[in-house]
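Notes follow once the structure below has been shown.
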Amino acid sequence: GLFDSRGAEFLTARGFRGWSGTARQEFTIAADEATPGYLPGPIQPGTWHVVLGLYQLAPEGCDYRVVVTLEEQDAGCKMQDAGSKERGAKDGPRWYRGDLHAHTWHSDGSAPLGDLVAAARAQGLDFVAVTEHNTISHLPLLPAHTTPDLLLIPGVEITTYHGHANVWPIDDFVEFRCWSDEQMARVREAVRAREALFSINHPKDGGPPWEFGDLFEPDCIEVWCSPWIVSNYQALAVWDAQLRRGRRITAVGGSDKHQGPFTGTLGWYEVGNPCTWVYADALSVEAIIAGLRAGRVFISEGPAGPRLELAAEAERQRATMGDELCLPSGAHLRLRCRVQGGAGNLLRLVSAQGIREAPIPDDDFIHECWVVVSGDTYWRAEVIEPPEAPLDEEPAALMAKALSNPIYVKATP
């Protein structure tokens with residue numbers, strides 16, 4: 003990575019010019035163009051800082067060599083401004099489907115943004131968050147690719163040697179040089195001060211997992227990353243453990259697709275696998291972020307579903323995913339779940355007080371049941387394949403098709 007003479011201070015770093023990690027061995031920066039992952043602009047006089055991402059070093063250290071070549075160039079045109087205006091459609095309140103985690107060649111994908119956009123259109127997505135590793139060089143390109151039917155959300159994947167986290171939306175550098183719990187906590191608070199969301203990515207084997215302290219009470223957790231079979235049952239368990247502790251964290255999904263050249267033919271794993279559905283007032287960055295913050299979210303294995311909606315009613319109160327119901331102990335709560343496109347699978351209603359199950363006989367299925375409030379809890383829904391082994395004995399046997407966010411229940415005396 004590279005910081006120019008304007009500064010490389012922790013959190014602020016006005017001189018940030020780009021990052022590529024181990025994806026590149028060399029890069030170029032000029033006034034009007036730069037290697038993907040890096041920012042064009044004036045070559046400022048003064049002291050610049052090169053950052054080398056060396057994951058593991060022998061006790062005796064290592065030799066390294068940095069070669070810097072300077073060449074004169076005529077002044078070029080000004081870099082396009084990313085701006086804050088959106089060209090997304092204002093379609094009104096509805097479910098919007100998209101992907102919150104994707105990469106292009108601005109980090110370690112192998113194709114430009116246009117290929118990611120083409121794949122997203124082929125999948126029928128409404129939005130994609132472009133979350134390059136530690137860099138913001140993609141931001142100026144997003145407005146030109148945002149159209150009335152496809153919104154591109156500016157994001158970044160904070161990528162460290164102890165865990166990854168997505169941030170949406172962004173408009174400037176987000177600190178990633180974190181080695182301690184204290185540093186990461188400062189980054190999280192700086193993100194929230196910008197009114198952005200901090201989402202821990204893929205806390206599971208091979209994710210890599212999250213190794214900073216106690217998850218830091220994030221806004222979101224990526225419980226489904228890439229195809230479900232890739233150890234996502236572990237991330238689901240991490241999130242559920244947080245819910246059982248009384249924390250309220252939105253579950254999201256992300257393909258983590260590292261986009262390659264798109265030929266027009268969709269494969270089994272593309273952007274949108276899994277698909278995150280957000281109920282929002284409009285197709286805009288502000289509305290999608292508001293829906294995520296409110297927990298109006300479910301996740302399915304792809305844009306075709308299954309679709310999963312959970313609602314609850316008691317004491318003349320109604321709630322949907324993300325809502326809280328305050329009810330007296332002993333009150334009767336009616337849960338209502340609708341599954342579309344899930345025939346042959348199993349519906350599970352999960353809470354801190356137990357699990358209820360029902361087979362899904364057809365592709366438009368509504369299940370209702372009553373539960374008694376006996377303490378603070380939550381209820382969430384899963385659509386899973388009929389397990390081949392008891393899940394309490396073999397958690398990896400859980401094969402999810404769709405996951406809802408919870409409805410929270412606060413018991414009053």
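Residue numbers (our numbering): 3 to 415. Beta carbons: idealized from backbone N, C-alpha and C, even for Gly.
* Of all the beta strand (DSSP E) runs that stay within the bounds of the region 103-143, which reach a length of 3 or more residues? -> 129-135
* Asked: Out of 147, 133, 208, 309, which has the shortest C-alpha to C-alpha gap to residue 176?
  -> 133
* Using the Cα positions of residue 85 and residue 153, report the straight-line distance between them to the nearest angstrom. => Reliability of the predicted coordinates at residue 85 is poor, the pLDDT of 37 falling under 50, and the value obtained from them is presented with this limitation in mind. So the alpha carbons of these two residues sit roughly 14 Å apart.
* Taking C-beta to C-beta, are residue 206 and residue 228 nearer than 7 Å? -> no
* Asked: Per DSSP, which one or two residues make a beta bridge with residue 253?
  -> 223
* Where does residue 410 sit, in a helix, a strand or coil, going by DSSP? -> strand
* For residue 163, is the classification buried or exposed, using 16 other Cβ atoms within 10 angstroms of its Cβ as the cut-off for buried? -> exposed
* To do: For residue 100, name the three-state secondary structure that DSSP assigns.
  => strand
* Asked: Using a Cβ-Cβ cut-off of 7 Å (strictly less than) and excluding sequence neighbours within five positions of residue 361, which residues of its own chain qualify?
  -> 348
* Helix, strand or coil at residue 336 [DSSP, three-state] -> strand
* To do: To the nearest angstrom, report how far apart residue 89 and residue 148 are at their CA atoms.
  => Low confidence applies to residue 89: its pLDDT is 42, below 50, so where it sits in the model is not reliable enough to give any reading.
* **beta strand (DSSP E) runs wholly inside the region 174-229, at least 3 long, in chain order** => 199-202, 222-227
* DSSP on residue 415, reduced to helix/strand/coil? -> coil
* Which residues in the same chain have their Cβ closer than 6 Å to the Cβ of residue 421, if we skip the five residues on either side of it in sequence? -> There is no way to answer for residue 421, as the model of the chain reaches only from 3 to 415.
* For residue 200 and residue 190, believed in contact at Cβ under 8 Å, the rounded distance -> 5 Å
* Could you please give me the residues that DSSP links to residue 51 through a beta bridge? => 5
* Is the beta carbon of residue 342 sitting closer than 7 Å to the one on residue 298? -> no
* Does the count of Cβ pairs from the region 280-291 and the region 108-118 closer than 8 Å reach three? -> no
* Backbone CA spacing between residue 78 and residue 109 [nearest angstrom] -> Confidence at residue 78 is low in this model, with a pLDDT of 42, below 50, so the placement of that residue should be treated as unreliable; the coordinate-derived value is given next. So the two alpha carbons sit approximately 24 Å from each other.
* Cutoff 7 Å; reference residue 250; Cβ partners in own chain excluding five residues on either side -> 410
* Smallest Cα separation from residue 380: which of 218, 38, 248? -> 248
* What residues match up with residue 353 in a beta bridge as DSSP calls it? -> 356, 381
* Asked: Nearest to residue 123 by alpha carbon, out of 312, 70, 150, 211?
  -> 150
* Same chain, Cβ closer than 8 Å to residue 160, five either side skipped, listed in chain order -> 136, 166, 167, 168, 169, 176, 177, 178, 180, 189
* Taking 7 Å as the cut-off, decide whether the C-beta atoms of residue 98 and residue 282 are in contact. => yes
* Asked: Do you know offhand how far residue 83's Cα is from residue 40's?
  -> Unreliable positioning characterises residue 83 in this predicted model, as indicated by a pLDDT of 38, which lies under 50. The coordinate reading is nonetheless provided below. Between residue 83 and residue 40, the C-alpha separation is close to 15 Å.
* To do: Please look up how many angstroms separate the CB atoms of residue 412 and residue 302, rounded, as I've assumed it's under 8 Å.
  => Contact doesn't hold; Cβ gap of about 29 Å is too wide.
* Going along the chain, which residues of its own chain have a beta-carbon closer than 7 Å to the beta-carbon of residue 213, five neighbours each way excluded? -> 164, 165
* Bounding residues of the beta strand (DSSP E) (the contiguous stretch that carries residue 320) -> 319-322
* Asked: Among the residues of its own chain, which have a CB less than 6 Å from the CB of residue 244, if the five just before and after it don't count?
  -> 251
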